[in-house]
């Protein structure tokens, strides 16, 4: 049984208030005062019981008086907590015997008495209204749904199986053929049309994932009803890598011209989801030039008049989606619940057929109901769900029917999961939500707390997994170990969440597109998305900030609301892409003293003031996207800080004072760091994630003593709880001191990554003992059979990213049958020529993804090129990047032919992605046919530019493509070339 969250959508801050009153009671000796606190707790406990029981019965029609009283009580609990917090945070008197101190004590006791009187008046008023309204518990009301914490994803997600793909396999293959960029060189536009929830987005996403790597420029844009043309066009421009300052002042015509100019020489693939207006589409269409490069546009819409020849779609390029057949619907339904699909007990089959009829073949309805039933085996529970989703067969195939199904699914959730789900309305529709950031925000809001042996973060992981299991959020990025890194909310579900959140006064949203949504007298959580328009200024002046607990604000060229007014703030997330009017905005950062989560995603903040030390409750400080160059000395006074996320900022002195710190990344170790500051790292016994850059050269006089201090600290961390270690280096700096110096067992280390131009001369000796290591990213100067055997013996290794300068004795890459029993992903980058790739029988039996990158100049020097992958039975995806510098065309052809031949004869038919890098340097012979040079436009060897949500720079681009950004783990959605640089665009920008 999960512990009760401090804050929920159903009970407000009731649990937090009761907990804080209990703390006051423990510290109180005066009998009269104790009795007053006890009376308050009794009255509030009775109200909480009523709120919880009514929340469990909310599918019934509720008396407006009862509903109004419940909202008043929830609102009251927030005010009560604000009063208590304001009093507790005030300076309490000490114990000295001076007259002045005695006066302070008397004053403080009077304030305390006034506080209790204020609390009593509010609670008494609520109790009086309850009896006046006749608000009593209905004996028929069910008890609250138990808050059971799940331990992971359903098998259907853990196994990487996409349930939504049932019934669309043929459609996917047809669309892939229609959109094949090599079929016809002229621009082709294809539309998918169908009702909401029928699976248009699922189909479009699957097609996009299958084809995107064959285009220079690719992206997905989600359009909301009511979006004007400018918003749609700026969204596309920002996602294909154009900086906002380049088009902020443009009108619609200028935006179309800018986008057309950007795309005119590129092979592009753009998916536009949910186009809603015929006239808007007819204008947007002219932003996409027919450049003869094989470019493609894929549009999804619910409106038949858009998916028609009159809107530039050929008759053969219109794909109409229909509901699933009975057979497909049963397969999807049972596969979601029973794993495998043919294990449905006989006593549940009749109810399941009735439920499926009501779902009308709509995949979203089927998945939602099946996810709801996945944890229920009692026949009566199935009957209850069957009766709740409507009495008329087929009703649920309509939007109204879908809303009814979502209503049932929502009220089947435990209270804590309803709260976490409603919170997603903070984010824009279609936004890719980073799981780690979401869980940290939940923690800051008080939605999750530590429980038994689980930390708050682990409990948050369980909540997230349960929402995925219920089909209410969709995984976007699944890692090598089955963990989901980010998610999205399906549009219909997001609309439902937004509506429900407004009803509960849980989140208030304002944006340029739709104005204010959910405005109440007292706003508790505010989400502001403001653009260039002057009308935005009114909203800030119209809002009473003193009650706001959470503020998410995205602005461009706007005056920010002053932080001094937000005394109750717990969560602050600021993003700005423009110039802020107040350069000293952060000087008031210490005013919201209750702040627990602070994230600054803006280039306009360059300094964090010393006042940050006043935030004594702060748990998360995320500065990865700010240009802050140093941390204030007072940072070490934040005793409750759990996550300190920065970008190449010098390691603070006395860092060991942050005793509850669990994640520290990405700090720089410089020659100006004292050895003591490095020794301080070893005091962080709870640290799980450490990211640092070693920026001390071997010639520096302090190098040896600093290296010894770092080694000492790493040994201490390796003997405690360190799970992830990421080390980079400054230019010309060496990590030789790590070769044979570490002695800790590192029993908990799951990930070791290095992003550096430094190469170890050999595999460090201490790595052979890493029994828990799952991910290894390492640079080795020269690798031979012995080194591969050492790596193959790591028993838990799932992902290996190995960069080498050369192979021992000019051997090719040969993987023997020994070792690598668990490996799922292997990336091998060789700076030199590679003339043989050989996987012997029994080698890498679990390998699913293989990525190779090597030079081909000189493959004929020995025996030509050999490529054998037939023994990798589980292989699903093969990517080969061929560096063409100074190579002859015939060398390229021989290598590519060998790779294609091996792939085509592989029994598992893996998907092949074959790319040429630096093709302009190929020495072409007479009559040589060179493949689509425009396809390789992005493959220049210039440095990579990262545009991920955390804006973290990584030198080696292959890291992003295989496992996401090494800092925030986001995966790229777009790869383009700007000014000769490879640019990776990650997810959807808030702005």
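Numbering (full-length UniProt numbering), first residue to last: 1 to 991. All C-beta atoms in this analysis are idealised placements derived from N, C-alpha and C, irrespective of residue type, glycine included.
Residue i burial status per 10 Å Cβ neighbour count (16 or more: buried)
i: residue 21; result: buried
i: residue 346; result: exposed
i: residue 695; result: buried
i: residue 775; result: buried
i: residue 857; result: buried
i: residue 437; result: buried
i: residue 731; result: exposed
i: residue 311; result: buried
i: residue 124; result: exposed
i: residue 26; result: exposed
i: residue 766; result: buried
i: residue 983; result: Interpretation of residue 983 is limited by its pLDDT of 43, a score under 50 that renders its predicted location unreliable; no figure is taken from the coordinates.
i: residue 954; result: Below a pLDDT of 50, predicted positions are generally treated as unreliable, and residue 954, at 34, falls in that range; the measurement from the model is reported next regardless. Result: buried.
i: residue 966; result: Caution is warranted here: a pLDDT of 40 is assigned to residue 966, below 50, making its placement in the model unreliable, and the coordinate value is therefore given only provisionally. Residue 966 is buried by the Cβ-count criterion.
i: residue 705; result: exposed
The alpha helix (DSSP H) enclosing residue i, as first and last residue numbers
i: residue 15; result: 14-27
i: residue 258; result: 252-263
i: residue 284; result: 278-284
i: residue 288; result: Note, residue 288: premise wrong, no alpha helix (DSSP H); not H, not E.
i: residue 694; result: No alpha helix (DSSP H) holds residue 694; the beta strand (DSSP E) holding it covers 689-694.
i: residue 336; result: 326-338
i: residue 66; result: 64-88
i: residue 408; result: 399-411
i: residue 550; result: First-last for residue 550: 550-555, but that is the beta strand (DSSP E), not the alpha helix (DSSP H).
Limits of the beta strand (DSSP E) - the one that residue i falls within
i: residue 805; result: 799-807
i: residue 783; result: 775-783
i: residue 271; result: 268-275
i: residue 188; result: 188-193
i: residue 647; result: 643-650
i: residue 600; result: 597-602
i: residue 667; result: 663-669
i: residue 1034; result: Here the chain has residues from 1 to 991 only, and residue 1034 is not among them.
i: residue 993; result: This structure cannot speak to residue 993, because the chain is shown only from 1 to 991.
i: residue 654; result: Looking at the DSSP string, residue 654 is not in any beta strand (DSSP E), and its letter there is neither H nor E.
i: residue 49; result: Careful: residue 49 lies outside any beta strand (DSSP E), inside the alpha helix (DSSP H) at 31-56.
i: residue 571; result: 571-576
i: residue 527; result: 525-529
i: residue 296; result: 296-301
Residue i CB to nearest heavy atom of the ligand SAH below 8 Å
i: residue 222; result: The model on display carries no ligand, and the ligand SAH is accordingly not part of it.
Sub-9 Å separation of residue i and residue j beta-carbons
i: residue 224; j: residue 430; result: yes
i: residue 597; j: residue 572; result: yes
i: residue 703; j: residue 727; result: no
i: residue 818; j: residue 793; result: yes
i: residue 664; j: residue 689; result: yes
i: residue 410; j: residue 500; result: yes
i: residue 269; j: residue 298; result: yes
i: residue 679; j: residue 709; result: yes
i: residue 358; j: residue 384; result: no
i: residue 7; j: residue 445; result: yes
i: residue 363; j: residue 199; result: yes
i: residue 62; j: residue 130; result: no
i: residue 635; j: residue 614; result: no
i: residue 488; j: residue 197; result: no
i: residue 471; j: residue 267; result: no
Residue-level contact to chain D via CB, residue i, 9 Å cutoff
i: residue 270; result: Of the protein chains in the structure, only one exists, and it is not chain D.
**Request:** Could you tell me whether the stretch 168-181 touches the stretch 272-283, using the rule of 3 or more Cβ pairs below 8 Å?
**Result:** no
**Request:** May I ask you to verify whether the stretch 503-513 touches the stretch 37-50, counting CB pairs closer than 8 Å and requiring at least 3?
**Result:** No, the stretch 503-513 is not in contact with the stretch 37-50.
**Request:** Would you be able to state if there are at least three C-beta pairs under 8 Å between the stretch 402-421 and the stretch 615-629?
**Result:** Segments in contact, no.
**Prompt:** How about the stretch 834-850 and the stretch 870-878: do they share at least three Cβ pairs that are nearer than 8 Å?
**Reply:** yes
**Item:** the stretch 638-645 in contact with the stretch 673-685 per 3-pair CB rule at 8 Å
**Value:** no
**Request:** Check whether the stretch 770-783 touches the stretch 793-812, counting contact only when three or more Cβ pairs, one atom from each stretch, lie closer than 8 Å.
**Result:** Taking a cut-off of 8 Å on C-beta distances, the stretch 770-783 touches the stretch 793-812, as three or more cross pairs fall below it.
**Request:** Identify every run of the beta strand (DSSP E) within the stretch 798-886, keeping only runs that are complete inside it and at least 3 residues long; order them along the chain.
**Result:** 799-807, 813-815, 825-833, 836-839, 849-855, 866-868 and 877-883
**Request:** Any chance you could list the beta strand (DSSP E) runs of at least 3 consecutive residues sitting entirely within the stretch 713-737, in chain order?
**Result:** As for any beta strand (DSSP E) of minimum length 3 sitting wholly inside the stretch 713-737, the runs are 724-729, ordered along the chain.
**Message:** Please give the ranges of any alpha helix (DSSP H) in the stretch 460-523, keeping only runs that are unbroken, at least 4 residues long and fully inside the region.
**Reply:** 491-503
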